[in-house]
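Encoded as structure tokens, the structure appears first; notes follow it.
Protein chains: 2
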Amino acid sequence: MSPEHRISGSIQVLMSDFRSLDRILNPRSVAIAGVAPAEAGEFNTGLLFLETILEYGFKGNLYPLNPRGGESLGLKVYANIKDVPETVDYVISCIPARHVLQLVRDCAEAAVRAICLFTAGFSETGRQEAEALERDVARLAKELGVRVIGPNCMGVYSPSVRLSFSVDFPKESGPVGLICQSGGNTLYLVRAAAQRGVRFSKVVSYGNACDMDECELLEYFAQDPQTEIVAAYMEGVHNGVRFKRVLSELAARKPVVVLKGGSTEGGLQAAASHTGSLAGSDEVWDALLDQTGAVRAHTLDELVDMMVTFRFMPVPAGRKVCVFGVGGGATVITTDDCASSGFVLPSLPGPMRDELRSAVGGDAGAILGNPVDFPFWLAREDRYRHVLSRLLDWEGTDLMFFQIPLRSAMEELDGARVTINSLLDDTIEARGGSPKPMAVIVHCLATAEAWHAASEFATKCYEAGLPFYYSTSSAALAVDRLMRSQSRKVGVDGRG
Amino acid sequence: MSPEHRISGSIQVLMSDFRSLDRILNPRSVAIAGVAPAEAGEFNTGLLFLETILEYGFKGNLYPLNPRGGESLGLKVYANIKDVPETVDYVISCIPARHVLQLVRDCAEAAVRAICLFTAGFSETGRQEAEALERDVARLAKELGVRVIGPNCMGVYSPSVRLSFSVDFPKESGPVGLICQSGGNTLYLVRAAAQRGVRFSKVVSYGNACDMDECELLEYFAQDPQTEIVAAYMEGVHNGVRFKRVLSELAARKPVVVLKGGSTEGGLQAAASHTGSLAGSDEVWDALLDQTGAVRAHTLDELVDMMVTFRFMPVPAGRKVCVFGVGGGATVITTDDCASSGFVLPSLPGPMRDELRSAVGGDAGAILGNPVDFPFWLAREDRYRHVLSRLLDWEGTDLMFFQIPLRSAMEELDGARVTINSLLDDTIEARGGSPKPMAVIVHCLATAEAWHAASEFATKCYEAGLPFYYSTSSAALAVDRLMRSQSRKVGVDGRG
Numbered sequence: 001m002s003p004e005h006r007i008s009g010s011i012q013v014l015m016s017d018f019r020s021l022d023r024i025l026n027p028r029s030v031a032i033a034g035v036a037p038a039e040a041g042e043f044n045t046g047l048l049f050l051e052t053i054l055e056y057g058f059k060g061n062l063y064p065l066n067p068r069g070g071e072s073l074g075l076k077v078y079a080n081i082k083d084v085p086e087t088v089d090y091v092i093s094c095i096p097a098r099h100v101l102q103l104v105r106d107c108a109e110a111a112v113r114a115i116c117l118f119t120a121g122f123s124e125t126g127r128q129e130a131e132a133l134e135r136d137v138a139r140l141a142k143e144l145g146v147r148v149i150g151p152n153c154m155g156v157y158s159p160s161v162r163l164s165f166s167v168d169f170p171k172e173s174g175p176v177g178l179i180c181q182s183g184g185n186t187l188y189l190v191r192a193a194a195q196r197g198v199r200f201s202k203v204v205s206y207g208n209a210c211d212m213d214e215c216e217l218l219e220y221f222a223q224d225p226q227t228e229i230v231a232a233y234m235e236g237v238h239n240g241v242r243f244k245r246v247l248s249e250l251a252a253r254k255p256v257v258v259l260k261g262g263s264t265e266g267g268l269q270a271a272a273s274h275t276g277s278l279a280g281s282d283e284v285w286d287a288l289l290d291q292t293g294a295v296r297a298h299t300l301d302e303l304v305d306m307m308v309t310f311r312f313m314p315v316p317a318g319r320k321v322c323v324f325g326v327g328g329g330a331t332v333i334t335t336d337d338c339a340s341s342g343f344v345l346p347s348l349p350g351p352m353r354d355e356l357r358s359a360v361g362g363d364a365g366a367i368l369g370n371p372v373d374f375p376f377w378l379a380r381e382d383r384y385r386h387v388l389s390r391l392l393d394w395e396g397t398d399l400m401f402f403q404i405p406l407r408s409a410m411e412e413l414d415g416a417r418v419t420i421n422s423l424l425d426d427t428i429e430a431r432g433g434s435p436k437p438m439a440v441i442v443h444c445l446a447t448a449e450a451w452h453a454a455s456e457f458a459t460k461c462y463e464a465g466l467p468f469y470y471s472t473s474s475a476a477l478a479v480d481r482l483m484r485s486q487s488r489k490v491g492v493d494g495r496g
Numbered sequence: 497m498s499p500e501h502r503i504s505g506s507i508q509v510l511m512s513d514f515r516s517l518d519r520i521l522n523p524r525s526v527a528i529a530g531v532a533p534a535e536a537g538e539f540n541t542g543l544l545f546l547e548t549i550l551e552y553g554f555k556g557n558l559y560p561l562n563p564r565g566g567e568s569l570g571l572k573v574y575a576n577i578k579d580v581p582e583t584v585d586y587v588i589s590c591i592p593a594r595h596v597l598q599l600v601r602d603c604a605e606a607a608v609r610a611i612c613l614f615t616a617g618f619s620e621t622g623r624q625e626a627e628a629l630e631r632d633v634a635r636l637a638k639e640l641g642v643r644v645i646g647p648n649c650m651g652v653y654s655p656s657v658r659l660s661f662s663v664d665f666p667k668e669s670g671p672v673g674l675i676c677q678s679g680g681n682t683l684y685l686v687r688a689a690a691q692r693g694v695r696f697s698k699v700v701s702y703g704n705a706c707d708m709d710e711c712e713l714l715e716y717f718a719q720d721p722q723t724e725i726v727a728a729y730m731e732g733v734h735n736g737v738r739f740k741r742v743l744s745e746l747a748a749r750k751p752v753v754v755l756k757g758g759s760t761e762g763g764l765q766a767a768a769s770h771t772g773s774l775a776g777s778d779e780v781w782d783a784l785l786d787q788t789g790a791v792r793a794h795t796l797d798e799l800v801d802m803m804v805t806f807r808f809m810p811v812p813a814g815r816k817v818c819v820f821g822v823g824g825g826a827t828v829i830t831t832d833d834c835a836s837s838g839f840v841l842p843s844l845p846g847p848m849r850d851e852l853r854s855a856v857g858g859d860a861g862a863i864l865g866n867p868v869d870f871p872f873w874l875a876r877e878d879r880y881r882h883v884l885s886r887l888l889d890w891e892g893t894d895l896m897f898f899q900i901p902l903r904s905a906m907e908e909l910d911g912a913r914v915t916i917n918s919l920l921d922d923t924i925e926a927r928g929g930s931p932k933p934m935a936v937i938v939h940c941l942a943t944a945e946a947w948h949a950a951s952e953f954a955t956k957c958y959e960a961g962l963p964f965y966y967s968t969s970s971a972a973l974a975v976d977r978l979m980r981s982q983s984r985k986v987g988v989d990g991r992g
């Protein structure tokens with residue numbers, strides 16, 4: 001076997017391919033084609049990219065391009081990529097589609113190896129001439145040895161080199177790799193997951209995938225030592241057989257969650273309009289994902305939930321859950337949510353119930369069953385922590401759901417001299433080093449103030465290593481999927 | 497027929513019953529039993545009720561009660577309800593359960609006709625002696641002619657007399673009547689619906705329903721001229737046959753949405769622990785609601801969505817929807833959501849597509865199919881309003897979904913010199929007097945800032961009479977239910 005190859009699990013990838021992709025996803029220098037001169041008061045998307053990359057703090061050299069030259073945001077604007085005084089690793093194209101072929105030629109002459117085409121107006125339009133142009137771009141780039149991401153995409157977010165297409169993405173790296181065929185959905189997925197503590201190794205918004213496609217990116221993430229969990233939003237695949245093989249091999253090594261956009265007939269057509277994807281029927285996708293061992297998500301929020309779950313939730317040993325929290329009505333709905341995802345709530349043993357009753361000091365307003373409804377006005381001093389510790393130690397359960405409905409700006413909690421904030425602090429402290437898997441669920445958010453508070457709680461939770469959810473139904477669904485995917489894996493390993 | 501009766505539709509209710517209930521739900525005077533003296537630094541739930549009712553601005557007289565007498569929050573505290581210098585319409589009990597029988601006796605002696613038992617510790621505990629006490633309370637109250645709401649409930653929110661158990665509930669009245677067996681869920685339902693423009697005639701949190709039950713309250717709402725739409729969260733019913741009759745008669749006259757908490761086996765047990773309800777299986781509830789013509793909601797948020805929909809959404813004439821908004825990935829997911837609830841998206845006719853293309857000025861980044869993806873950076877001057885007006889006039893569709901993913905604090909929109917705020921203003925203005933049913937969907941909320949903005953948009957929308965949703969899937973589901981309930985009604989009327 002040549003040194004060009006390495007075998008890792010069952011995936012065999014050319015090391016040179018991995019390295020060249022790794023260079024593109026961690027570029028040392030970036031050029032942006034089509035930057036309007038900021039000083040002229042003009043606005044365009046090239047300028048927006050430049051502003052964003054500058055503000056985010058890119059670690060390498062940055063070169064705006066525009067045939068008119070001049071300056072933009074204090075940087076010299078080069079007329080052509082060929083004029084840039086170094087070989088650039090990654091060029092972002094914000095120029096009109098009709099100029100892209102020339103940009104590819106110029107990049108090749110300048111020895112540039114990768115272009116990200118933010119430029120749209122290709123196969124997604126459904127127009128024959130635009131589809132032909134996309135094929136021409138792909139063919140020319142291949143001939144000249146230039147890799148293309150897109151067209152019609154946002155490209156690469158790579159926190160380790162501080163490259164981002166949005167200033168509010170986290171600056172720290174993390175273990176999750178994400179590929180996403182929609183730029184807008186990428187923005188949402190990164191922000192929503194980040195808000196709950198997920199950090200990324202690399203994220204690639206890859207659009208129409210005329211050259212670099214989902215398979216190549218998933219192979220990269222399979223190899224990438226920085227990536228431990230993989231998530232994907234895709235509207236279609238170019239080569240179903242290859243995709244199935246790649247996904248199977250990846251899923252055997254790392255947890256993978258896939259959201260297929262365009263799962264209904266109308267959605268398939270919309271996917272074709274959006275990224276020119278050949279999409280495949282919903283049943284085919286169900287079967288395919290099931291066979292490969294990847295987890296399927298059905299909404300963007302489920303995809304976020306699964307990133308959070310794989311990142312922060314240890315796999316529970318069984319399905320017996322203790323639900324602890326505030327609110328009688330919430331306990332009823334919570335119980336339904338747990339049951340719907342296959343969890344059982346064992347009854348609180350009599351002696352434990354008696355012990356908790358005396359700890360709570362009477363039971364007016366408290367429901368000491370399972371769910372345990374612990375009214376906040378009883379949550380004083382050490383009572384609360386004692387009760388929580390006892391429940392965490394309860395050997396009759398495999399995991400705990402801690403749920404707080406956050407219905408308002410909390411005036412009633414302040415009235416009760418106990419805040420949800422202190423309740424959450426106590427919860428995190430009482431949990432201490434307990435090995436019991438626990439999810440925190442903050443739900444019933446009715447006001448902007450409640451969302452603001454929830455956002456702070458999310459931070460507290462992920463800093464304490466806890467998975468955080470916005471509904472008990474979504475938490476139960478996500479933990480169910482975690483357990484199913486894990487039991488598959490154990491089964492496969494057992495046979496292998 | 498005696499003048500005591502009035503016939504309205506098929507419901508025959510004693511006018512005296514309606515009047516006496518109406519008095520309880522619109523009390524001129526309120527007493528609160530069990531108020532700690534605020535000045536002593538003590539805290540209890542009676543004091544919290546007093547603070548809340550004072551701050552909310554109750555229009556009638558307010559009397560704190562405590563055997564110790566004294567003052568609280570500037571009001572004289574009476575030792576006993578019998579000492580109060582007027583006949584009080586509504587007494588809120590925050591005293592321990594063991595003292596409630598005496599309170600009922602005292603109230604009867606003082607000619608008080610209604611007690612709301614916030615007091616818990618009755619049948620919901622599952623303890624025999626507590627269940628017996630609840631029965632005793634109900635029996636004694638009936639003997640003495642005192643009506644009881646609860647126990648284990650928050651009681652009445654009646655904006656027209658400014659009585660509320662939460663200071664942040666809307667002060668204006670509206671057409672929605674709500675009954676809710678859980679106090680906590682009441683808080684969420686009112687706040688979440690209010691945030692999207694729903695206003696209430698009366699809301700009753702009725703807990704264990706030892707005396708006043710769901711049937712009586714639903715009969716009241718059927719009669720109440722202030723109430724046009726009825727929503728209910730219930731965990732069980734006391735008399736299934738009567739409930740079915742009452743619900744059928746109500747649903748024939750006013751839209752009704754019911755959320756049944758405790759729909760799984762575990763949830764049924766939790767419901768018993770929460771409000772001591774005899775709950776009934778999920779299948780029974782499905783059949784019952786289907787037969788009565790009530791709409792079933794499956795989550796609290798679905799119940800809120802249905803209140804919003806019945807309040808603000810005209811019934812579309814058919815299922816052909818035009819989806820208009822921002823973001824290619826969003827259009828794909830939106831299309832799936834519409835299809836899943838039975839809506840179809842007709843293709844944009846060729847001439848219209850051409851017209852829009854020239855109005856947009858090229859199609860780079862725009863998807864001019866259906867969904868129409870109109871990138872915000874094209875939304876300048878009159879272009880945007882023109883496109884929206886044309887789509888609203890499109891006779892090939894029955895309704896419009898306007899969707900905006902609100903992924904962030906909108907920095908990229910500011911960068912593009914267009915804000916979602918101005919986009920929404922333009923949308924509302926362009927819509928003008930168009931009779932086409934339209935829903936506004938603001939989704940993909942990843943940050944507290946986005947929630948804050950969404951909250952402001954919700955206000956703009958309901959002030960313009962538009963239903964507002966947080967996901968396309970929930971909007972499509974709600975409008976589907978609206979249309980199904982309406983087509984049933986037409987069917988019933990046709991037969992009747």
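If you read the protein sequences in the order shown, they are chains F and V.
Okay, so the first sequence: first residue is 1 according to the numbering used here, each after it adds one.
Okay, so the second sequence: first residue is 497 according to the numbering used here, each after it adds one.
Backbone N, C-alpha and C fix where the C-beta goes; we use that ideal spot for every residue, glycine too.
inquiry  = Looking at the secondary structure, which residues open and close the alpha helix (DSSP H) in which S248 of chain F lies?
reply    = G240 to A251
task = Measure the alpha-carbon distance for T227 of chain F versus V156 of chain F and round it to whole angstroms.
result = 15 Å
inquiry  = Short of 7 Å Cβ to Cβ, which residues in the segment 746 to 759 of chain V face chain F?
reply    = G757, G758 and S759
request  = Would you list the residues sitting across from K260 of chain F in a DSSP beta bridge?
outcome  = F:M234
request  = Give the secondary structure of L348 of chain F by DSSP, where H, G and I count as helix, E and B as strand, and everything else as coil.
outcome  = coil
ask   = Based on Cα-Cα distance, which residue from F:T52, F:K59, F:T45 and F:F310 lies nearest to N66 of chain F?
value = F:T45
message = Using a Cβ-Cβ cutoff of less than 6 Å, which residues in the same chain neighbour S930 of chain V once the five nearest sequence positions on both sides are dropped?
response = L888
message = Below 8 Å on C-beta distance, what does E283 of chain F contact in chain V?
response = Those within 8 Å of E283 of chain F in chain V number zero; the least Cβ separation is about 14 Å.
message = So if I threshold CB-CB distances at 9 Å, which residues from the segment 210 to 240 of chain F count as touching chain V?
response = Y233 and E235
key: For G318 of chain F and D290 of chain F, the rounded distance between their alpha carbons   = 22 Å
query = How far does the beta strand (DSSP E) with V176 of chain F in it reach, from first residue to last?
reply = S173 to C180
query = Taking just the CA atoms, how far does T397 of chain F sit from P351 of chain F?
reply = 16 Å
request  = Identify every residue that forms a DSSP beta bridge with V584 of chain V.
outcome  = Its beta-bridge partners do not exist; DSSP assigns none.
message = Would you say E129 of chain F lies against chain V (beta-carbon separation less than 8 Å)?
response = no
inquiry  = Here's the rule: buried if 16 or more other CB atoms are within 10 angstroms of the residue's CB, otherwise exposed. What is T87 of chain F?
reply    = exposed
ask   = Comparing the C-beta of L841 of chain V with each C-beta of chain F, is any distance below 8 Å?
value = yes
ask   = Roughly how far, in whole angstroms, is the beta-carbon of S697 of chain V from the beta-carbon of G679 of chain V, given that I think they are within contact range, below 8 Å?
value = That pair is no contact at about 19 Å.
query = Shortest alpha-carbon distance to N557 of chain V belongs to which of V:D832, V:D585 and V:Q982?
reply = V:D585
ask   = Would you report the Cα separation of R849 of chain V and V146 of chain F, rounded to the nearest angstrom?
value = 35 Å
task = Tell me, to the nearest whole angstrom, how far the beta carbon of T788 of chain V is from that of K740 of chain V; I am working on the premise that it is less than 8 Å.
result = 6 Å
ask   = How many angstroms separate the CA atom of P96 of chain F from the CA atom of V726 of chain V?
value = 55 Å
ask   = What does T827 of chain V reach in chain F if we use C-beta pairs closer than 8 Å?
value = A270, S273 and H274
inquiry  = I'd like to know if H386 of chain F contacts chain V, where contact means its C-beta is closer than 8 Å to some C-beta of that chain.
reply    = no
ask   = Short check: CB of S969 of chain V to CB of D801 of chain V, under 8 Å?
value = no
query = Do the segment 440 to 451 of chain F and the segment 676 to 695 of chain V make contact, defined as three or more Cβ pairs closer than 8 Å?
reply = yes
query = Is the beta carbon of A294 of chain F less than 8 Å from the beta carbon of V258 of chain F?
reply = yes
message = So Q691 of chain V contacts chain F; which residues on that side make the cut at Cβ distance below 9 Å?
response = A446, T447 and A448
query = Any beta-carbon of chain F closer than 8 Å to the one on T831 of chain V?
reply = yes
task = Report the residues of the segment 294 to 308 of chain F with a CB closer than 8 Å to any CB of chain V, ordered along the chain.
result = T299 and L300
Bounding residues of the alpha helix (DSSP H) (the contiguous stretch that carries A458 of chain F) = A448 to E463
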